[in-house]
Amino acid sequence: MKVALIGASGFIGSRLLAELSARGHAVTAIVRNPEKVASLPGVTAVKGDVFDRDGLARLLAGHDAAISAVHFTASDPQILLAAVKQSGVKRYLVVGGAGSLEVAPGVKLVDTPDFPAAYRDEAQKGGVFLDLLKQEPALDWTFLSPSALIQPGERTGKFRLGTDQLLVDAKGDSAISAEDYAVALVDELEKPAHRRRRFTVGY
1 MKVALIGASG FIGSRLLAEL SARGHAVTAI VRNPEKVASL PGVTAVKGDV FDRDGLARLL
61 AGHDAAISAV HFTASDPQIL LAAVKQSGVK RYLVVGGAGS LEVAPGVKLV DTPDFPAAYR
121 DEAQKGGVFL DLLKQEPALD WTFLSPSALI QPGERTGKFR LGTDQLLVDA KGDSAISAED
181 YAVALVDELE KPAHRRRRFT VGY
């Protein structure tokens with residue numbers, strides 16, 4: 001596929017870029033600093049601004065799908081959504097956060113007492129983005145929330161998928177490697193199973 005990846009040089013974006021390239025997709029890596037994008041087969045790095053709706057729409061146009069891997073606090077969901085719609089790209093996948101996942105009926109992870117204060121603003125803005133997507137009538141969107149802990153690790157290809165509840169293992173831990181998160185998102189791109197909804201991935 002022809003895939004536009006916004007934020008391709010970031011923590012998650014760089015893993016997605018590697019996974020997309022390894023699977024043979026043609027990727028347009030949209031970043032502030034193209035020189036920071038890894039040189040990989042099928043990858044073209046271009047300079048883009050997530051706050052420039054018209055410019056972003058022009059970069060997205062002509063792709064089979066767009067993936068957004070930018071921080072919610074460093075972007076505006078209204079501008080991103082407007083750019084995707086303006087571009088004519090129908091399939092839109094969003095790297096989400098874990099904060100909006102439920103840990104009990106009606107209780108989100110971000111609202112629990114132990115949720116790190118440093119991540120609260122980002123998590124809350126991710127929840128706002130998800131709510132906007134749910135009200136979006138036209139786009140074929142998917143929002144993938146990681147587990148509570150996502151960090152560099154191995155690409156195992158072995159994980160569990162869930163929907164709106166935080167996944168935890170037998171020890172009560174909630175974790176996923178950034179590499180396996182990328183596998184799950186590219187799997188969804190290739191074989192959509194969560195159209196117009198959020199899902200989550202964990203061990």
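Letter by letter, the sequence shown follows residues 1 to 203 in UniProt numbering.
C-beta atoms are modelled at their ideal positions from N, C-alpha and C, and glycine is treated no differently.
message = Suppose you measure from the CA of G99 to the CA of G42; what does that come to, to the nearest Å?
response = Start at 1 with the first residue of the sequence shown, and residue 99 comes out as number 99. Start at 1 with the first residue of the sequence shown, and residue 42 comes out as number 42. Spanning the two alpha carbons is a distance of roughly 34 Å.
Endpoints, the beta strand (DSSP E) within which A182 is located = On the sequence shown, position 182 is the one that residue 182 refers to. No beta strand (DSSP E) contains A182, which is instead part of the alpha helix (DSSP H) from A178 to E190.
key: Test item: CB-CB of S174 and G157 under 8 Å   = Here residue 174 refers to the residue found at position 174 when the sequence shown is read from its first residue. Here residue 157 refers to the residue found at position 157 when the sequence shown is read from its first residue. Not in contact: S174 and G157 (Cβ atoms no closer than 8 Å).
ask   = Looking only at C-alpha atoms, which of G24, R53 and A22 sits nearest to I6?
value = Position 6 of the sequence shown holds residue 6. Answer by Cα proximity: R53.
request  = Just tell me which of L40, Q86, A29 and G10 has its CA closest to the CA of F72.
outcome  = Numbered from its first residue, the sequence shown carries residue 72 at position 72. Comparing Cα positions, the closest option is G10.
request  = Count the other C-beta atoms from every protein chain shown that fall within 10 angstroms of the C-beta of L152, then say buried if there are 16 or more, exposed otherwise.
outcome  = Looking up residue 152 in the sequence shown gives position 152. One point to set straight first is that residue 152 is Pro, not Leu, in the sequence displayed. By the neighbour-count rule (16 or more Cβ atoms within 10 Å), P152 is not buried but exposed.
inquiry  = On a Cα-Cα basis, can you pick out the residue from I176, Y92 and V50 that is closest to F143?
reply    = The residue you call residue 143 lines up with position 143 of the sequence shown. The option with the nearest alpha carbon to F143 is Y92.
message = I need the DSSP call for D52, collapsed to helix, strand or coil.
response = The residue given as residue 52 occupies position 52 in the sequence shown. Note: D52 maps to coil in three-state DSSP.
key: Alpha-carbon to alpha-carbon, S75 and G13   = Taking the first residue of the sequence shown as position 1, residue 13 is located at position 13. Taking the first residue of the sequence shown as position 1, residue 75 is located at position 75. Each residue's Cα considered, the two are about 15 Å apart.
message = Nearest by alpha-carbon distance to V186: which of A69, P105 and V168 is it?
response = The count along the sequence shown starts at 1 and reaches residue 186 at position 186. V186 has its Cα closest to that of A69, out of A69, P105 and V168.
task = Check whether the Cβ atoms of W141 and L133 sit closer than 8 Å, and answer yes or no.
result = The residue labelled residue 141 in the question sits at position 141 within the sequence shown. The residue labelled residue 133 in the question sits at position 133 within the sequence shown. It is a contact, given that the beta carbons lie within the stated cut-off.
key: Nearest candidate by alpha-carbon position, reference T163, set L101, L17 and K85   = As a first step, residue 163 is located in the sequence shown; it is residue number 163 there, counting from the start. Closest by alpha carbon: L101.
query = Do residue 237 and V94 have their C-beta atoms closer together than 8 Å?
reply = Nothing about residue 237 can be read from this structure; the chain reaches only from 1 to 203.
inquiry  = Between which two residues does the alpha helix (DSSP H) holding L132 run?
reply    = In the sequence shown, the residue the question calls residue 132 occupies position 132. Where L132 is concerned, the enclosing alpha helix (DSSP H) stretches over A117 to K134.
message = Using CA atoms only, rank isn't needed, just tell me which of E136, R195, V168 and E154 is closest to E19.
response = Along the sequence shown, one-based indexing puts residue 19 at 19. Closest by alpha carbon: E154.
inquiry  = Using only CA atoms, which one of V37, L109 and L17 lies nearest to A66?
reply    = Here residue 66 refers to the residue found at position 66 when the sequence shown is read from its first residue. Taking only the C-alpha atoms, the option nearest A66 is L17.
ask   = Under 8 Å between the Cβ atoms of G97 and S145?
value = For this step, residue 97 is matched to residue 97 along the sequence shown. For this step, residue 145 is matched to residue 145 along the sequence shown. Yes, the pair counts as a contact, with Cβ atoms nearer than the cut-off.
key: Assigned exposure category for E188 - 16 Cβ within 10 Å defines buried   = By one-based count along the sequence shown, residue 188 stands at place 188. Answer is buried; the Cβ neighbour count reaches 16.
task = Mind reading off the beta-carbon distance from A83 to A57? Whole number of angstroms is fine, and I expect it under 8 Å.
result = To locate residue 83, count along the sequence shown from 1; it is residue 83. To locate residue 57, count along the sequence shown from 1; it is residue 57. With 8 Å as the limit, A83 and A57 qualify as a contact, their Cβ atoms being about 4 Å apart.
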